[in-house]
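FYI, this note's numbering numbers position 56 of the sequence shown as 208, with every residue one higher than the one before it.
No residue lacks a Cβ here, since even glycine has one placed at the ideal position from N, Cα and C.
Given the structure is predicted, the values throughout are model-derived calculations rather than measurements.
Structure, as structure tokens:
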Amino acid sequence: MMFSAQIDLMKADTTVILRNAKIDMFKSTMRLAVDKWGRVEVTEPAAFEVKQDNNLSLVEYELVNME
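Given below as structure tokens:
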């Protein structure tokens with residue numbers, strides 16, 4: 153789980169480095185989690201284009217048990 157100070161760093165047009173971060177599933181949606189050894193750091197701006205036509209945050213996921 154991210155702490156308040158880490159959440160404050162996540163702003164539009166800000167480039168961040170995530171260390172020891174993962175995606176957790178919560179109520180059929182994805183949630184970014186940074187563990188207790190993880191870090192969120194603001195870094196120099198990176199030039200890239202966000203691919204918006206495949207937004208995986210809009211997909212509802214379902215847990216499937218493999219037996």
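Per DSSP, what kind of secondary structure is residue i in: helix, strand or coil?
i: L215; result: coil
i: D160; result: helix
Verify whether the separation of the beta carbon atoms of residue i and residue j is less than 8 Å.
i: V194; j: V168; result: yes
i: N207; j: V186; result: no
So what does residue i bridge to, in DSSP terms?
i: V186; result: A173
i: F178; result: T181
Taking the C-alpha atoms as reference points, what is the distance between residue i and residue j?
i: K188; j: K163; result: 21 Å
i: E219; j: Y213; result: 19 Å
i: A198; j: L170; result: 14 Å
List the whole-angstrom C-beta distance separating residue i from residue j, where the pair is believed to meet the contact cut-off of C-beta under 8 Å.
i: L161; j: V211; result: At roughly 26 Å, the Cβ-Cβ gap does not stay under 8 Å, so L161 and V211 are not in contact.
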